[in-house]
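One structure below.
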Amino acid sequence: MSKVVRADVVFGLAWGDEAKGKIVQQLISDKSYNWVCRYSGGSNAGHTIYKDGKKYHTNLIPGGVLSGIKSFIGPECYVNLEDLDKEMEYLSKEGFNINLVKVSPFVHIITPEHKEEDRKKYIGSQGSTGKGIAPCARDKYARLGKRLMDIENFENLKYFNKDTNIMTEELSGNILCEGSQGMWLDINYGNYPYVTSSSILPYNACSLGFHPSVIKNIYGAAKIYDTRVGEDPLFSDELLKDETLSKIAEVGQEFGTTTGRQRKVNWLDISSLKKAINITGTNKIIISKVDILEKVGVYKLSDGTKFSTIYEMKEYIKTYIYSNCPLIETVLFSDSPIDF
Ligand code: IMP
Ligand code: MG
Numbered sequence: 315m316s317k318v319v320r321a322d323v324v325f326g327l328a329w330g331d332e333a334k335g336k337i338v339q340q341l342i343s344d345k346s347y348n349w350v351c352r353y354s355g356g357s358n359a360g361h362t363i364y365k366d367g368k369k370y371h372t373n374l375i376p377g378g379v380l381s382g383i384k385s386f387i388g389p390e391c392y393v394n395l396e397d398l399d400k401e402m403e404y405l406s407k408e409g410f411n412i413n414l415v416k417v418s419p420f421v422h423i424i425t426p427e428h429k430e431e432d433r434k435k436y437i438g439s440q441g442s443t444g445k446g447i448a449p450c451a452r453d454k455y456a457r458l459g460k461r462l463m464d465i466e467n468f469e470n471l472k473y474f475n476k477d478t479n480i481m482t483e484e485l486s487g488n489i490l491c492e493g494s495q496g497m498w499l500d501i502n503y504g505n506y507p508y509v510t511s512s513s514i515l516p517y518n519a520c521s522l523g524f525h526p527s528v529i530k531n532i533y534g535a536a537k538i539y540d541t542r543v544g545e546d547p548l549f550s551d552e553l554l555k556d557e558t559l560s561k562i563a564e565v566g567q568e569f570g571t572t573t574g575r576q577r578k579v580n581w582l583d584i585s586s587l588k589k590a591i592n593i594t595g596t597n598k599i600i601i602s603k604v605d606i607l608e609k610v611g612v613y614k615l616s617d618g619t620k621f622s623t624i625y626e627m628k629e630y631i632k633t634y635i636y637s638n639c640p641l642i643e644t645v646l647f648s649d650s651p652i653d654f
């Protein structure tokens, strides 16, 4: 029986890059969590984290380690050992205790061949991040993959020892689960095949090793406008030519943290947001980057609805969500992570 008492989940309600890292830092600041866990994705994700006025960047390692909290990379994640080593080294140099990082022995290993295949086949056709995720996932499901525990003497690998590898039943207490990417990049619910190879919805947090009944809060992260990095017919190239949207991209510094690519910007699709909330059971929503629209001074939704002030827009969104999403208890608005 799992010793997890309570699990809260933070995940993205859109196409990723919804400031989940910032929400995680806020939630763990009172130290009420024993663990922070990643339940999906790999180093395709990018987290920008601000800690004591300094900016940090991680791809795979959960943000808990920056606050001295044990951080677990769960069995549904995909891990390239060199990438993990680099990230560990970086965090260690910055003064963080990397012994807090624990990895599931069941994670599938991304090989250099997976990366090469990804770069050749999927960067061009689907705008993948080239981190080897899709070929590794294919091998996993074809039962050809290699798990961490299948590597000979894996306990002796740099940064790994018996202590730093845990079976999921060792998780205990209160845990915060971090989703990667976002709802519409999900392998099941996204605009397939323009998706990632993970199940990123809150139900998949249970893959960490606890049962659904311990989940208490589902925090959905969103932005007050939509962005998309990578190929997707839902985001046409025309968007890049729109003057106001380009201005939002510029002011909001909408560049991918992992790849540096410019994100396409569109006005908020509130009906998709409603669907994402209702499918996932989100009970708290945080809508970020309100300050960016204020700086640009244009307030619109993708269905053409216009507002004359940010106040009017926020009130409309709040009322819409409260009246269309029965499980929602809290709608919060937030600005950009400090000076990005
Ligand atoms: P992959 O996950 O690298 O295979 O990429 C598949 C699709 O998901 C591409 O369109 C990527 O741009 C997108 N994607 C993957 N990870 C992220 C992320 O963390 N943020 C935003 N988009 C992502
Ligand atoms: Mg990101």
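Under the numbering used here, the first residue of the sequence shown is numbered 315, with each subsequent residue one higher.
Each residue gets a CB set at the ideal place from its N, CA and C atoms; glycine is no exception.
Nothing here was measured: the structure is a model prediction, and the numbers come from that model.
If you draw a straight line from the alpha carbon of residue 444 to that of residue 424, how long is it in whole angstroms?
Translated into the one-based positions of the sequence shown, residue 444 becomes position 130. Translated into the one-based positions of the sequence shown, residue 424 becomes position 110. For residue 444 and residue 424, the distance between alpha carbons rounds to 11 Å.
Can you give me the C-alpha to C-alpha distance between residue 653 and residue 368, rounded to a whole angstrom?
Along the sequence shown, one-based indexing puts residue 653 at 339. Along the sequence shown, one-based indexing puts residue 368 at 54. A caution first: residue 653 carries a pLDDT of 40, below 50, which makes its placement in the model too unreliable to give a value.
Once you ignore the five residues that flank residue 441 on each side, which residues in its own chain have a CB closer than 6 Å to its CB?
If you number the sequence shown from 1, residue 441 lands on position 127. Excluding residues within five positions, the ones whose Cβ falls inside 6 Å are 544, 545.
Of the choices 462, 383, 371, whose alpha-carbon is the least far from that of residue 412?
Counted from its first residue, the sequence shown places residue 412 at position 98. Of the listed residues, the one whose Cα sits closest to residue 412 is 383.
I'd like the span of the beta strand (DSSP E) that includes residue 415, first residue to last.
Here residue 415 refers to the residue found at position 101 when the sequence shown is read from its first residue. Residue 415 -> beta strand (DSSP E) spans 415 to 417.
State the Cα-Cα distance for the pair residue 347 and residue 335, rounded to the nearest angstrom.
In the sequence shown, counting from the first residue as 1, residue 347 sits at position 33. In the sequence shown, counting from the first residue as 1, residue 335 sits at position 21. Roughly 15 Å separates the two Cα atoms.
Spatial distance of residue 450 from residue 372 (CA atoms):
Here the question's residue 450 lines up with position 136 in the sequence shown. Here the question's residue 372 lines up with position 58 in the sequence shown. Rounded to the nearest angstrom, the two C-alpha atoms are 21 Å apart.
Compute the beta-carbon to beta-carbon distance between residue 323 and residue 491, rounded to the nearest angstrom, for a pair I have assumed lies under 8 Å.
Walking along the sequence shown from the start, residue 323 turns up at place 9. Walking along the sequence shown from the start, residue 491 turns up at place 177. With a Cβ gap of about 5 Å, residue 323 and residue 491 count as contacting.
Tell me whether residue 618 is buried or exposed, calling it buried when 16 or more other Cβ atoms sit within 10 Å of its Cβ.
Reading the sequence shown from its first residue, position 304 is the one you call residue 618. With fewer than 16 other Cβ atoms within 10 Å, it is exposed.
From residue 453 to residue 459, what distance separates their C-alpha atoms?
What you label residue 453 is simply residue 139 of the sequence shown in a count that begins at 1. What you label residue 459 is simply residue 145 of the sequence shown in a count that begins at 1. Rounded to the nearest angstrom, the two C-alpha atoms are 5 Å apart.
Whole-angstrom Cβ separation of residue 577 and residue 542, contact assumed at under 8 Å?
Start at 1 with the first residue of the sequence shown, and residue 577 comes out as number 263. Start at 1 with the first residue of the sequence shown, and residue 542 comes out as number 228. 6 Å between Cβ atoms; contact.
Over the uninterrupted beta strand (DSSP E) stretch that includes residue 633, give me the two end residues.
For the purposes of this step, residue 633 is taken as the residue at position 319 of the sequence shown. Looking at the DSSP string, residue 633 is not in any beta strand (DSSP E); the run it does join, the alpha helix (DSSP H), is 624 to 638.
Within 10 angstroms of the Cβ of residue 539, are there 16 or more other Cβ atoms? Answer buried if so, exposed if not.
For the purposes of this step, residue 539 is taken as the residue at position 225 of the sequence shown. Residue 539 should be labelled buried.
Please classify residue 456 as buried or exposed, where buried requires at least 16 other C-beta atoms within 10 Å of its C-beta.
Stepping through the sequence shown from its first residue, residue 456 is reached at position 142. Residue 456 should be labelled exposed.
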